[in-house]
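Number 11 in my numbering belongs to position 1 of the sequence shown; there are no gaps in the numbering. Just below is one structure, and these are the notes that go with it.
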Amino acid sequence: MFNPTDPAQSRDDIRYIFSTFPIVEREETAKYGRYRSRDLTLAWINALMAGQPDTEVEG
C-alpha cells in the first residue's frame with residue numbers, strides 16, 4: 011500500500027481502502043465532523059514522506 015516512490019498512488023490507495031468502510035465513515039463523520047481514521051492515516055503518510063516517521067499525528 012505505501013510506495014515511497016509514488017506517494018500520490020499511496021494516498022489514492024488509502025482513500026480507496028477507507029472508502030470500502032461506509033459505516034465507519036458515517037459514524038466518524040457524525041462524531042468528529044470528518045472521516046478521522048482516513049485523515050489520520052493520510053497525515054501519517056505525509057509525515058513519512060517528509061522523512062519524519064516518529065511524528066505524532068494528532069486528530
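Each residue gets a CB set at the ideal place from its N, CA and C atoms; glycine is no exception.
Q: Work out the CA separation of Ser47 and Trp54 for me, nearest whole Å.
A: 11 Å
Q) Around the Cβ of Thr30, are there at least 16 other Cβ atoms within 10 angstroms (buried) or fewer (exposed)? A) exposed
(Q) Quick test of your reading: Met59 and Pro17, contact by CB under 8 Å. State the CB separation rounded to the nearest angstrom. (A) 5 Å
Q | Collapsed DSSP secondary structure at Thr39 in the structure displayed | A | helix
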